[in-house]
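Trainee: Below is a structure I'd like to ask you about.
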Amino acid sequence: MEKNSPIVLREKKIVKTSIIGILANLFLAAFKAAVGMLSNSIAVLLDAVNNLSDALSSVITIIGAKLANKAPDKKHPLGHGRVEFLSAAVISVIVLYAGVTSLVESVKKIITPETPDYSTVSLIVIAVAVVVKIVLGLYVRRTGKAVNSDALVNSGMDALLDSIISFSTLVAAGIFLIFHLSLEAWLGAVISLFIIKSGIDMLRETVSQILGERVEGELSKAVKATICSVPDVLGAYDLILHSYGPDKWQGSVHIEVPDTLTADVLDRMERKIQEMVYMEHQVILTGIGIYAANTKDDEASAVQSELTRFVMAQDGVLQMHGFYYDVEHKQIRFDVIIDFAVPDRAAVYQTIMDGVKERYPDFTPLIIMDADISD
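Everything in the sequence shown is counted per numbering that gives the first Met the number 0, starting at 0 for the first residue and increasing by one.
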């Protein structure tokens with residue numbers, strides 16, 4: 000890959016941001032360790048160790064970004080981009096573990112309460128940690144969204160959630176010093192539940208991406224618009240895009256063209272479409288199927304209009320496309336998209352088949368039921 004390619008620049012941005020995260024956590028660890036030793040506070044020393052573990056999220060993000068951009072090989076011919084999804088899942092588990100651990104400790108303190116000892120030194124350390132973690136979390140999360148890195152976004156959320164825990168300690172200290180009421184354990188439990196929910200949400204979102212999600216409507220519409228801008232392309236349908244990592248898309252599409260085009264013309268058209276889509280959207284089209292549009296039969300337009308009205312009147316039908324009226328072979332061909340929300344899609348499909356046969360008994364209907372895959 001070229002040094003200034005979008006993929007390389009994206010990786011550099013992720014690595015740079017993660018290194019900043021590591022340095023920030025090392026700073027906090029060193030600061031807390033020094034204060035802990037000077038004040039002989041075991042609690043502060045243990046918190047320093049916690050910051051070292053926080054740096055692990057940034058290390059995982061760097062490893063994930065590096066592995067994701069490994070060149071394709073024989074075993075993984077489509078690249079290693081999905082490693083980023085796995086690194087995001089690991090960070091989600093870390094956040095979930097932190098929430099569960101915090102909840103357990105909070106419950107222990109609720110069951111066996113202890114009188115807190117809020118020293119000036121410990122409160123200063125916590126205040127510094129809150130400021131650093133908020134700044135770090137916002138920066139890392141913002142960068143993660145900018146480069147579409149779930150691992151960075153999750154790492155940023157990890158830092159922000161840490162800052163919330165630390166801030167709750169400051170709030171609890173203020174309440175105790177003013178009202179002599181200890182609420183640290185209860186605040187910790189409530190915030191722990193919030194962190195657990197955040198960890199589960201992050202993990203659910205990452206697993207959903209690994210399973211394969213519907214492509215964003217903005218991207219699919221833009222790709223179809225680019226395809227339809229090519230002369231003689233009458234429509235673009237059945238766009239299927241597979242994600243092999245953030246912003247790494249490969250897929251296929253059907254185009255509708257006049258039935259008079261030769262194989263040579265179609266070959267040049269397909270190559271042009273592939274080039275344009277990649278240059279404008281960084282999407283690799285590995286296959287382009289063809290729908291023929293009637294140009295030789297005047298009756299086809301009337302038949303298409305009649306059947307379109309009939310098909311689109313059925314409940315749950317979203318689209319009908321790829322229509323061709325083949326008089327020579329006595330065939331009527333088209334595809335129909337039926338909404339996933341329809342309880343019995345097969346029944347709707349059968350109704351359409353029966354309706355076409357009833358209206359044109361001398362023709363064989365070749366109807367494909369497509370899935371609602373992209374906008």
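C-beta: ideal position from N, C-alpha, C; glycine also.
Since the model is a prediction, treat every value here as computed from it, not as a measurement.
Who are Gly387's beta bridge partners in DSSP?
Mentor: Here the chain comprises residues numbered 0 to 374, so residue 387 is not present and cannot be evaluated.
Trainee: Could you give the distance in angstroms between the alpha-carbon of Phe178 and the alpha-carbon of Ile93?
Mentor: Position 179 of the sequence shown, counting from 1, holds the residue named residue 178. Position 94 of the sequence shown, counting from 1, holds the residue named residue 93. Taking the straight line joining both Cα atoms gives about 35 Å.
Trainee: Taking all protein chains shown into account, decide if Leu95 is buried (16 or more other Cβ within 10 angstroms of its Cβ) or exposed.
Mentor: As a first step, residue 95 is located in the sequence shown; it is residue number 96 there, counting from the start. Result: buried.
Trainee: Check whether the Cβ of Lys108 lies closer than 9 Å to any Cβ atom in chain D.
Mentor: Reference to chain D is not applicable here, since this structure consists of a single protein chain.
Trainee: In the DSSP output, what is Tyr324 paired with across the bridge?
Mentor: Position 325 of the sequence shown holds residue 324. Answer is Ile331, bridged to Tyr324.
Trainee: Following the continuous alpha helix (DSSP H) through Thr142, name the residue where it begins and the one where it ends.
Mentor: Your numbering for residue 142 matches position 143 in the sequence shown. First-last of the alpha helix (DSSP H) with Thr142: 119–145.
Trainee: Tell me which same chain residues have a C-beta within less than 7 Å of the C-beta of Leu176, skipping the five on either side of it?
Mentor: In the sequence shown, counting from the first residue as 1, residue 176 sits at position 177. Cβ neighbours of Leu176 beyond the five flanking positions: Tyr117.
Trainee: Please classify His206: does DSSP put it in a helix, a strand, or coil?
Mentor: Reading the sequence shown from its first residue, position 207 is the one you call residue 206. Looking at the sequence itself, residue 206 is Val, so the reference to His does not match. Helix at Val206.
Trainee: Verify whether the separation of the beta carbon atoms of Ala23 and Ala47 is less than 9 Å.
Mentor: For the purposes of this step, residue 23 is taken as the residue at position 24 of the sequence shown. For the purposes of this step, residue 47 is taken as the residue at position 48 of the sequence shown. Their beta carbons are not under 9 Å apart, which means Ala23 does not touch Ala47 by this criterion.
Trainee: Could you say which of Leu265, Asn68, Met268 lies nearest to Glu83 if we only look at CA atoms?
Mentor: As a position in the sequence shown, residue 83 is number 84, starting the count at 1. When each option's Cα is compared against that of Glu83, the closest is Asn68.
Trainee: Using 8 Å as the threshold, is the segment 350–362 in touch with the segment 251–260, meaning 3 or more CB pairs across them?
Mentor: They do not touch, by the three-pair rule.
Trainee: Does the Cβ-Cβ distance between Ser154 and Ser56 come in under 9 Å?
Mentor: As a first step, residue 154 must be located in the sequence shown, where it is residue number 155. As a first step, residue 56 must be located in the sequence shown, where it is residue number 57. In contact: Ser154 and Ser56 (Cβ atoms closer than 9 Å).
Trainee: Under 9 Å between the Cβ atoms of Gly288 and Asp371?
Mentor: Here residue 288 corresponds to residue number 289 of the sequence shown, with the count starting at 1. Here residue 371 corresponds to residue number 372 of the sequence shown, with the count starting at 1. Not a contact, by the Cβ cut-off of 9 Å.
Trainee: Give every residue of the same chain whose Cβ lies closer than 6 Å to the Cβ of Ala291, excluding the five residues on either side of it in the sequence, and list them in chain order.
Mentor: Translated into the one-based positions of the sequence shown, residue 291 becomes position 292. Here the set comprises Asp258, Tyr323.
Trainee: Grab me the residues of Thr363's own chain with a C-beta within less than 7 Å of its C-beta, minus the 5 sequence neighbours each way, in chain order.
Mentor: Against the sequence shown, residue 363 aligns to sequence position 364. Answer for Thr363: Lys329, Gln330, listed in chain order.
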